[in-house]
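S.K.:
Protein chains: 2
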Amino acid sequence: MKGRKLLMIPGPIEFTPEVLRAMGMATTSHVAPNFIEVFGQALERLRQVFLCPSGQPFVIAGSGTLAMDIAAANLIEPGDNALVVNTGYFSDRFAAILERYGAAVTQVRAPAVGDAPALEEVEAALKEHRPKLMTITHVDTSTAVGADVKGLAALGREYGALVVVDGVCAVAGEEMRQEQWDIDLALTASQKAIGVPPGLALLVAGPRAMDAFRKRKTPVGNYYADWTKWLPIMEGYEARQPRYFGTPPVNLIWALGVSLGQILDEGMDARFARHQRLSKALKAAVTALGLRQVPVAPDKTATTLTAPYYPDGVDRTVLGHIKEAGVILAGGLHPAIKAQYFRIGHMGVVSASDILATVGAIEKGLSQVGYEFEAGVGLAAAQAVLIRQ
Amino acid sequence: MKGRKLLMIPGPIEFTPEVLRAMGMATTSHVAPNFIEVFGQALERLRQVFLCPSGQPFVIAGSGTLAMDIAAANLIEPGDNALVVNTGYFSDRFAAILERYGAAVTQVRAPAVGDAPALEEVEAALKEHRPKLMTITHVDTSTAVGADVKGLAALGREYGALVVVDGVCAVAGEEMRQEQWDIDLALTASQKAIGVPPGLALLVAGPRAMDAFRKRKTPVGNYYADWTKWLPIMEGYEARQPRYFGTPPVNLIWALGVSLGQILDEGMDARFARHQRLSKALKAAVTALGLRQVPVAPDKTATTLTAPYYPDGVDRTVLGHIKEAGVILAGGLHPAIKAQYFRIGHMGVVSASDILATVGAIEKGLSQVGYEFEAGVGLAAAQAVLIRQ
């Protein structure tokens, strides 16, 4: 019996042995030739993973929140209008960050937790406020709500807004084609579908975003986030001519290089398809077990994440039983419904076996807290999807 | 013959096998019981390593520059006076950061590169400007100038300034007794004498600093740096009650816990003494080889770092020969003299053998570029110190 449990939370996720090996390698100088090559290559690969050949990648030590902070600090000047398409906890956070740098923020809120605002409402707000910038949370990690990034980005661009996608729980898992979908900036953190332990903020900024940055009239309000400092570093390493601003997180960047290589070996289209197939299988199992989900409809639901409500009479103690059965899941996060639901992350190297193991453990846990269902009904529903697709 | 070369630069330094093993462990959830315990313990240990029982530790994903940014963003409000005791490149950086958050910065500059300002000059500036905050760069990584932190801190406190020590190339190597020396905030980065791969900003703030933060009239200008967000997290993990703001860099914090444990096993006094002994040995060797150093006098010189000028007729190509002989050193960094000197880092787990290996490689390199000296004279000078002390 393996002692280690399967980690199925919305990040950190399971990492490959090759990525973990890179993490533990003896650290070299940040100007060592092999590190320069890996860092330069990682920047090139980020462009491919974000599907944004014209983008400028940034790899900076910090969390996903730093990535959001970097986007806001560099693109917002005091008094700018910004529009937040609010689908939950992390949209609230983006609004707070934008305000910190002086933006006048308008929020288009979802009608309820688990829902996303209608495109018409977003269009009305764009028309009224003509924001310089609009943010979309691709996947709200707190609720598993998935936004229609393609549709929203097209709308935003139509009204001249810079489109910023918080892809923290999405990039390299959810389908996102940054350049084709006209997204001006997309960002994520390393520990999600990118498949690297936490500690890296990752961004790819398109030409309009870089242009807006270059045309600023005021200095960036945040020193550490300032692209004025980081752009020469990223350009330098990509040209294999290292320059110094802060010491890059050598081991994390090695791990990033390995993981991006593995992602590109699979291919982005195959990767998107795998995430969709596994998500469908898990969601079918959850439904077969009689559990409702936080997202109100399938087209409002993330591919990387599932958020089922506990059934009647069950609370978060079931997570302890599921853990004993071998799988670690996460509790609720959205303040309004925190105690009523749980979260299952399924992104990165996740496989069909992981999905079956997870469903199996959920069934075991539910049975132990006295919830009644036909044993195996969840597994059968998942397997039907896995075999068919 | 071992393929790996000895890394003797001012960070990243050599890390212990135990630290690297922690880096490569399979990442757990940031709310897993074993991670909570390690994070909580790391916070407690930081207090001991900074010798500041009353301090509030912060461990945040980012570089050393982020640590400087956090100090400035939380303690400065627009219009505050700040005083920078300028001993080089990183003092210039601190001045720029303070200005970013609205400080009116006065700088007391060293009379020349390699020197530090006289205490009397600093006192005159304190008397004239009555700054809210004063910064000291303990070790200027660009020049190996070491500041008289104890004397400067006493002066700063006498005039009511919050004393902030940039200890990036110093903490856990140079003697610093934060509480006893009345330092209000000290900061560093993981990849220096703390002995963890790059990616963590580390700070310990004393009661007066936390008080000044709590009494702010304006919000912190930088979202990611804001202690309002981080303080509940640090207090939470230390109470073994995790709370969420951003996903903590799990593997780096595991490695931090291991390294802080190793540091405390040695004991701070023994550690300071070892760094002093090894520094003296290396500096004696450099002098015996006829090389001058950037710092103008022994009492202006760092313990963790040595910065020799190239002798006449020698340039940075000698670093390639030294590397071939097995030891990696760093080139110059200070813009005014960049091409004229090089840098040797000796902190963390550095040993007497490492010092001898380094001197041996320097002698080999110098001989290969035609510099004339008596073979072994550097080694003998180092060994005389190592045997005596």
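For the record, the sequence lines run as chains A and B.
Under the working numbering, think of the first position of the first sequence as 1, with each following residue one higher.
Under the working numbering, think of the first position of the second sequence as 390, with each following residue one higher.
A virtual CB, placed ideally from N, CA and C, is assigned to each residue, including glycine.
1. Which residues in chain A have a C-beta closer than 7 angstroms to the C-beta of Asn640/B? List them in chain order.
2. Is it the case that the Cβ atoms of Val250/A and Phe58/A are separated by a distance below 7 angstroms?
3. First and last residue of the alpha helix (DSSP H) that includes Leu20/A?
4. Is there a Cβ from chain A that is less than 7 angstroms from the Cβ of Tyr699/B?
5. How many Å lie between Met1/A and Leu319/A at the Cα?
6. Return helix, strand or coil for Ala714/B, following the three-state DSSP convention.
7. When DSSP labels each residue in this structure, what does Gly257/A get in the three-state scheme?
8. If you measure beta-carbon to beta-carbon, which residues of the segment 448–477 of chain B are closer than 9 angstroms to chain A?
9. If the cut-off is 8 angstroms on Cβ atoms, which residues from the segment 182–195 of chain A count as contacting chain B, listed in chain order?
10. Which residues does DSSP list as the beta-bridge partners of Leu6/A?
11. Which word fits Ala577/B, buried or exposed, when buried means at least 16 other C-beta atoms lie within 10 angstroms of its C-beta?
12. Is it true that the segment 103–110 of chain A meets the segment 79–90 of chain A, where meeting means three or more beta-carbon pairs spaced less than 8 angstroms apart?
13. Quick check on Met390/B: does DSSP put it in helix, strand or coil?
14. Taking 8 angstroms as the cut-off, does the segment 35–46 of chain A touch the segment 421–441 of chain B (at least 3 CB pairs, one atom from each stretch)?
15. Is the CB of Met1/A under 7 angstroms away from at least one CB in chain B?
16. List the residues of chain A that Gly400/B touches, going by C-beta distances under 8 angstroms, in chain order.
17. Would you mind stating whether Lys727/B and Ala505/B have Cβ atoms separated by less than 7 angstroms?
18. Within this structure, are the beta carbons of Asp571/B and Arg546/B separated by less than 7 angstroms?
19. From the DSSP output, in three-state form, read off Val145/A for me.
20. With DSSP as the reference, identify every bridge partner of Gln496/B, one or two as the case may be.
21. Determine whether the beta carbon atoms of Ala205/A and Gly173/A lie at a separation below 7 angstroms.
22. Reducing DSSP to helix, strand and coil, say where Phe447/B ends up.
23. Is there at least one Cβ from chain A nearer than 7 angstroms to Ile776/B's Cβ?
24. Which stretch, first to last residue, makes up the alpha helix (DSSP H) that contains Met599/B?
25. Put Ile583/B into one of helix, strand or coil per three-state DSSP.
26. Which residue's Cα is closest to the Cα of Gln340/A: Gly332/A, Gly160/A, Val49/A?
27. Name the one or two DSSP bridge partners that Ala575/B has.
28. My assumption, with CB atoms under 8 angstroms, is that Thr695/B sits in contact with Ile733/B. Please give the rounded CB distance.
29. Per DSSP, what are the beta-bridge partners of Thr301/A in this structure?
30. Using 10 angstroms around the beta-carbon of Gly313/A, count the other beta-carbons present and answer buried if the total reaches 16, otherwise exposed.
31. Are any of the Cβ atoms in chain B nearer than 7 angstroms to that of Phe90/A?
32. Is the segment 665–682 of chain B in contact with the segment 609–628 of chain B, if contact means three or more CB pairs nearer than 8 angstroms?
33. What are the residues in the segment 29–44 of chain A lying within 9 angstroms of chain B by C-beta distance?
34. Please decide whether Arg100/A counts as near chain B, where near means a Cβ-Cβ distance under 7 angstroms.
M.R.: In brief:
1. Those are Met23, Pro197, listed as they occur along chain A.
2. Contact: no.
3. 17–23 is the span of the alpha helix (DSSP H), which, as asked, contains Leu20/A.
4. Output row for Tyr699/B: interface = no.
5. Interpretation of Met1/A is limited by its pLDDT of 41, a score under 50 that renders its predicted location unreliable; no figure is taken from the coordinates.
6. In this structure, DSSP gives Ala714/B a state outside helix and strand, which the three-state scheme calls coil.
7. Three-state DSSP puts Gly257/A in a helix.
8. Answer set for the segment 448–477 of chain B: Ile449, Ala450, Gly451, Ser452, Gly453, Thr454, Leu455, Met457, Asp458, Ile459, Ala461, Ala462.
9. Taking 8 angstroms as the Cβ-Cβ cut-off against chain B, the residues of the segment 182–195 of chain A that qualify are Ala189, Gln191.
10. For Leu6/A, which the question treats as bridged, DSSP gives the partners Val327/A.
11. Residue identity check: residue 577/B is Thr in the sequence provided, not Ala. Here Thr577/B is buried. Its C-beta has 16 or more other C-beta atoms within 10 Å.
12. Enough Cβ pairs lie closer than 8 angstroms, so yes.
13. Per-residue confidence for Met390/B stands at a pLDDT of 40, beneath the threshold of 50, marking its modelled position as unreliable; the derived number appears in the next sentence. When secondary structure is reduced to three states using DSSP, Met390/B falls in the coil class, being assigned neither helix nor strand.
14. With a cut-off of 8 angstroms on Cβ pairs, the segment 421–441 of chain B is not in contact with the segment 35–46 of chain A, counting fewer than three such pairs.
15. Annotation note: pLDDT 41 at Met1/A (below 50); position unreliable, no value reported.
16. Neighbours of Gly400/B on chain A, chain order: Thr247.
17. The Cβ-Cβ distance between Lys727/B and Ala505/B does not fall below 7 angstroms.
18. When the beta-carbon positions are compared, Asp571/B and Arg546/B come within less than 7 angstroms of each other.
19. DSSP places Val145/A in strand when its eight states are reduced to three.
20. Bridge partners of Gln496/B: Val473/B.
21. By the CB criterion at 7 angstroms, Ala205/A and Gly173/A fall outside the cutoff.
22. Judged by DSSP in its simplified three-state form, Phe447/B adopts strand.
23. It does not; no Cβ of chain A falls within 7 angstroms.
24. Here the alpha helix (DSSP H) through Met599/B covers 596–603.
25. In the structure shown, Ile583/B sits in coil (DSSP, three-state: anything other than H, G, I, E or B).
26. With respect to the C-alpha of Gln340/A, the residue from Gly332/A, Gly160/A, Val49/A having the closest C-alpha is Gly332/A.
27. Note: Ala575/B sits in a beta bridge opposite Val554/B, Val593/B.
28. With a Cβ gap of about 5 angstroms, Thr695/B and Ile733/B count as contacting.
29. Val145/A.
30. Result: exposed.
31. Chain B contact via Cβ: absent.
32. Verdict: no, contact absent.
33. Under the 9 angstroms Cβ criterion, the segment 29–44 of chain A contributes Ser29, His30, Val31, Ala32.
34. Cβ-Cβ to chain B under 7 angstroms: yes for Arg100/A.
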